[in-house]
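S.K.: Each residue of the sequence shown is one higher than the last, beginning at 0 in numbering that gives the first Met the number 0.
Pasting a structure below so you can have a look.
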Amino acid sequence: MQLNYIANQSVPSASSQTIDVIDPSDGQAYDQIQRSVAADIDDAVGAARHALDSVWCKLSAAERGRLLMRLSLKITEHAQELADIEQRDCGKPTKQARADAAALARYFEFYAGACDKLHGQTIPYLDGYSVLTWREAHGVTGHIIPWNYPMQIFGRSVGGALAAGNVCVVKPAEDACLSLIRVAQLAAEVGFAPGVINMVTGYGHEVGAALARHRGIDHISFTGSPRVGTLIQQVAAERHCPVTLELGGKSPQIVFADADLDAALPAIINAIVQNAGQTCSAGSRLLVAQAIYEPLLARLGTAFENLRVGPAQLDLDVGPLIRRSQQQRVADFLDDAHAAGIPIVAEGKVVEQAPPSGFYQAPVLLRDVPVSHRVAQEEVFGPVLCALPFRDEDHAVELANATQFGLVAGVWSANGARQLRMARRLRSGQVFINNYGAGGGVELPFGGVKSSGHGREKGFEALFGFTTLKTVAIRHG
Ligand code: ADP
Numbered sequence: 000m001q002l003n004y005i006a007n008q009s010v011p012s013a014s015s016q017t018i019d020v021i022d023p024s025d026g027q028a029y030d031q032i033q034r035s036v037a038a039d040i041d042d043a044v045g046a047a048r049h050a051l052d053s054v055w056c057k058l059s060a061a062e063r064g065r066l067l068m069r070l071s072l073k074i075t076e077h078a079q080e081l082a083d084i085e086q087r088d089c090g091k092p093t094k095q096a097r098a099d100a101a102a103l104a105r106y107f108e109f110y111a112g113a114c115d116k117l118h119g120q121t122i123p124y125l126d127g128y129s130v131l132t133w134r135e136a137h138g139v140t141g142h143i144i145p146w147n148y149p150m151q152i153f154g155r156s157v158g159g160a161l162a163a164g165n166v167c168v169v170k171p172a173e174d175a176c177l178s179l180i181r182v183a184q185l186a187a188e189v190g191f192a193p194g195v196i197n198m199v200t201g202y203g204h205e206v207g208a209a210l211a212r213h214r215g216i217d218h219i220s221f222t223g224s225p226r227v228g229t230l231i232q233q234v235a236a237e238r239h240c241p242v243t244l245e246l247g248g249k250s251p252q253i254v255f256a257d258a259d260l261d262a263a264l265p266a267i268i269n270a271i272v273q274n275a276g277q278t279c280s281a282g283s284r285l286l287v288a289q290a291i292y293e294p295l296l297a298r299l300g301t302a303f304e305n306l307r308v309g310p311a312q313l314d315l316d317v318g319p320l321i322r323r324s325q326q327q328r329v330a331d332f333l334d335d336a337h338a339a340g341i342p343i344v345a346e347g348k349v350v351e352q353a354p355p356s357g358f359y360q361a362p363v364l365l366r367d368v369p370v371s372h373r374v375a376q377e378e379v380f381g382p383v384l385c386a387l388p389f390r391d392e393d394h395a396v397e398l399a400n401a402t403q404f405g406l407v408a409g410v411w412s413a414n415g416a417r418q419l420r421m422a423r424r425l426r427s428g429q430v431f432i433n434n435y436g437a438g439g440g441v442e443l444p445f446g447g448v449k450s451s452g453h454g455r456e457k458g459f460e461a462l463f464g465f466t467t468l469k470t471v472a473i474r475h476g
C-alpha cells in the first residue's frame, strides 16, 4: 500500500481510507493509495511552511540549484525503475514511459541551472532615488497534477516552483500517483529538507478541492480539464490566490499543398497517437489543402490501418487508455460522429494479446468532419483524428481558430512568408512550423490562450509565474 509523503515521512491519511490502483492494460487492481482529506492537506501545508521559514529561505540560489541537480542525477539513476512504475500505473508503452522519466530528469537539470540566474532590475527614476526590483518566491505552492504525464508535469511544475524558491504541496491524479511518491522519496534521499516536497494523494473533488481552497497555499498550478480549471480559479479568487492553468486543446495540424508530406506524415500520426491521444497538445484536427486532401487521406489511411494497440509492456504504437470511463468517453464521441454520418477513413487494430478487461481504443481517422460537430470542437483525449479540407490560407486560419481552445498549432508548408503569416495569425500558445512539438523541449515556454488556460510553464519563462515582483524605491538624496 502507498502512503502519503509529508515532511519526508510516509504517512497514512487521516481518513484511513484507500483507493485502488488499476493497471489499464488489464483493468485489475494491484495496489492502493491513500484517499486523503482536508486534514492531510493541513499537515502538508504546515510542513511546507515550516520548511520554507526554517530551511529553504536560508539556502542561496546556488545551493538550491545544487540540490535540484542532485535530484536530476538521482532520477536518472532510477530512470528504469520510475519508467516501470509509470508504465504499469498509466499503461504507457515502454518507449513513452522511458521518455517521461528522462524528461523528468531533464526538467530538474534545466531548473537547477536556472536557480541563480533569476534576478531583478534597476530602474532609472527621479534624481535622488534608486529603484530596484526583486523576484520573490510566492511561498507554498500547490500543484494539482493530471494522470496523462505525471512525471513530465511534476517536473515542469515542481521543478520551476522549487527553482524560484517555493516549497511544494503536490496532489497527483488519483489514477497516477505511484511514480511521484517515489520521486518525493528520492528527493529526501538527496538532501531535500522535510517539508520542501509533500505528496498527498486522493480524489480531486475531495483533497484536490481542499488544496485549492487552503489559505496557506500561495499559488496554484493546475493542469487538467477546463471544467476543473474553472472551479479552481473560482475557489482561488475567493482569496485572490494566483493560478496557472493549463487546460488542454483541440490543436490543428495544417498541411498546405507545398508541404513535404514524407516528413509530415509520421509527425501527424505521432501527434495524435502518442500516449493514446491523451495529450493536452495532441494534434487532434488535421486541416488539409483541398488539392492534396484525397491523396493525403489515402496515405494516412494506410498508416492508420497498420497501427497496433495493446498492453503497455508490448511497447506497440498505442497503449490502453487510463481508465474505463475514459474509454467510454472516447466511444461516446465516436458514436456521436457515427450518428452524424461522419465517415471513418481507417482504424488501427487492437492485438489479440490485449485482455478484454483492459481499456483499449484503436486509433480512428475521421474525414469531412463538420467544424461545429463536438468531435471537432471538444477535447476527446483519445486517438481520434478529425480531417477537414480548407480552400486557402484565410480559410485555414478561420478553421484553425474556430474552437474555444488555443494551445498548440502545427503548420506544414515550404513557403517561408506563409509560415510566418500563419504563425502570427494562429491564436495559440505555441506554433510549430514543419514539425509538431519540437521534441517537447523543456526550454520552450508552454501554455495556452482562450480556454486552454493562462500562464506559462516550462522554460525560463515559468520562473516569472512562480515568483512575484517587489519594487524597492530608495530615496537617498
Ligand atoms: P480528468 O477529467 O481528465 O481526470 P481532471 O481535470 O478531472 O481531469 O483532473 C486533473 C487533476 O485535477 C487531478 O489531479 C484531479 O484529481 C484534480 N481534480 C479534479 N477535480 C478537482 C476539484 N474539484 N478540485 C481540485 N482538483 C480537482
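All C-beta atoms in this analysis are idealised placements derived from N, C-alpha and C, irrespective of residue type, glycine included.
As the structure is a computational prediction, the values presented were derived from the model and not from experiment.
Can you list, in chain order, the stretches of the alpha helix (DSSP H) that have 4 or more residues and sit fully within the segment 203–272?
M.R.: 208–212, 225–237, 260–272
S.K.: Taking the alpha carbon of F109 as the reference point, which residue from R65, A78, H137 has its own alpha carbon closest?
M.R.: For this step, residue 109 is matched to residue 110 along the sequence shown. Here the closest residue by C-alpha is R65.
S.K.: Is I231 close to the ligand ADP? I mean its beta-carbon at under 7 Å from any heavy atom of the ligand.
M.R.: Stepping through the sequence shown from its first residue, residue 231 is reached at position 232. Answer for I231: yes, Cβ within range of the ligand ADP.
S.K.: Any heavy atom of the ligand ADP closer than 7 Å to the beta-carbon of P145?
M.R.: In the sequence shown, residue 145 corresponds to position 146, counting from 1. Yes, Cβ of P145 sits closer than 7 Å to a heavy atom of the ligand ADP.
S.K.: Tell whether a beta-carbon distance below 8 Å holds between A413 and D259.
M.R.: By 1-based counting over the sequence shown, the position of residue 413 is 414. By 1-based counting over the sequence shown, the position of residue 259 is 260. Going by C-beta atoms, A413 is nearer than 8 Å to D259.
S.K.: Grab the span of the alpha helix (DSSP H) containing R328 for me, first residue to last.
M.R.: Indexing the sequence shown from 1 puts residue 328 at position 329. Taken as a continuous stretch (DSSP letters only), the alpha helix (DSSP H) holding R328 covers 323–338.
S.K.: How is the alpha helix (DSSP H) around G154 delimited, first residue to last?
M.R.: Counting from one through the sequence shown, the residue named residue 154 turns up at place 155. Run containing G154: 149–162, per the alpha helix (DSSP H) assignment.
S.K.: Regarding P92 and the ligand ADP, is the C-beta to nearest heavy atom distance less than 7 Å?
M.R.: Numbered from 1 along the sequence shown, position 93 holds the residue referred to as residue 92. Every heavy atom of the ligand ADP is 7 Å or more from the Cβ of P92, so no.
S.K.: Answer yes or no: the CB of H204 versus the heavy atoms of the ligand ADP, is any distance below 7 Å?
M.R.: The residue given as residue 204 occupies position 205 in the sequence shown. True, at least one ligand heavy atom lies under 7 Å from that Cβ.
S.K.: Just checking S178 against the ligand ADP - is the residue's beta carbon closer than 7 Å to any of the ligand's heavy atoms?
M.R.: What you label residue 178 is simply residue 179 of the sequence shown in a count that begins at 1. Remark: the shortest separation between the CB of S178 and any heavy atom of the ligand ADP does not fall under 7 Å.
S.K.: Do S250 and the ligand ADP come close, with the Cβ less than 7 Å from some heavy atom?
M.R.: As a first step, residue 250 is located in the sequence shown; it is residue number 251 there, counting from the start. Checking every heavy atom of the ligand ADP against the Cβ of S250, none is found closer than 7 Å.
S.K.: Taking 7 Å as the cut-off, does the CB of E173 come closer than this to any heavy atom belonging to the ligand ADP?
M.R.: Within the sequence shown, residue 173 is the residue found at index 174, counting from 1. For the ligand ADP, at least one heavy atom lies less than 7 Å from the Cβ of E173.
S.K.: Look at the Cβ atom of L264, then the Cβ atom of R298, and state whether they are nearer than 8 Å.
M.R.: Taking the first residue of the sequence shown as position 1, residue 264 is located at position 265. Taking the first residue of the sequence shown as position 1, residue 298 is located at position 299. Contact: yes.
S.K.: So if DSSP puts R87 in a beta bridge, which residue, or which two residues, is it bridged to?
M.R.: If you number the sequence shown from 1, residue 87 lands on position 88. The partner list for R87 (beta bridge, DSSP) is empty, contrary to what the question assumes.
S.K.: Would you kindly report the start and end of the unbroken alpha helix (DSSP H) that includes R455?
M.R.: Along the sequence shown, one-based indexing puts residue 455 at 456. In this chain, R455 is not harboured by any alpha helix (DSSP H), its DSSP state being neither H nor E.
S.K.: Taking C-alpha atoms, which residue in S178, V168, D217 lies nearest to G194?
M.R.: Looking up residue 194 in the sequence shown gives position 195. When each option's Cα is compared against that of G194, the closest is V168.
S.K.: Is G223 near the ligand ADP - that is, is its Cβ less than 7 Å away from at least one heavy atom of it?
M.R.: Position 224 of the sequence shown, counting from 1, holds the residue named residue 223. Correct: G223 has its Cβ closer than 7 Å to the ligand ADP.
S.K.: Between the Cα of D22 and the Cα atoms of L177, L468, L285, N3, which residue gives the shortest distance?
M.R.: Position 23 of the sequence shown, counted from the start, is the residue given in the question as residue 22. Among L177, L468, L285, N3, the Cα nearest to that of D22 belongs to L177.
S.K.: Any heavy atom of the ligand ADP closer than 7 Å to the Cβ of K73?
M.R.: On the sequence shown, position 74 is the one that residue 73 refers to. With a cut-off of 7 Å, the C-beta of K73 is classified as distant from the ligand ADP, since no heavy atom of the ligand falls inside that distance.
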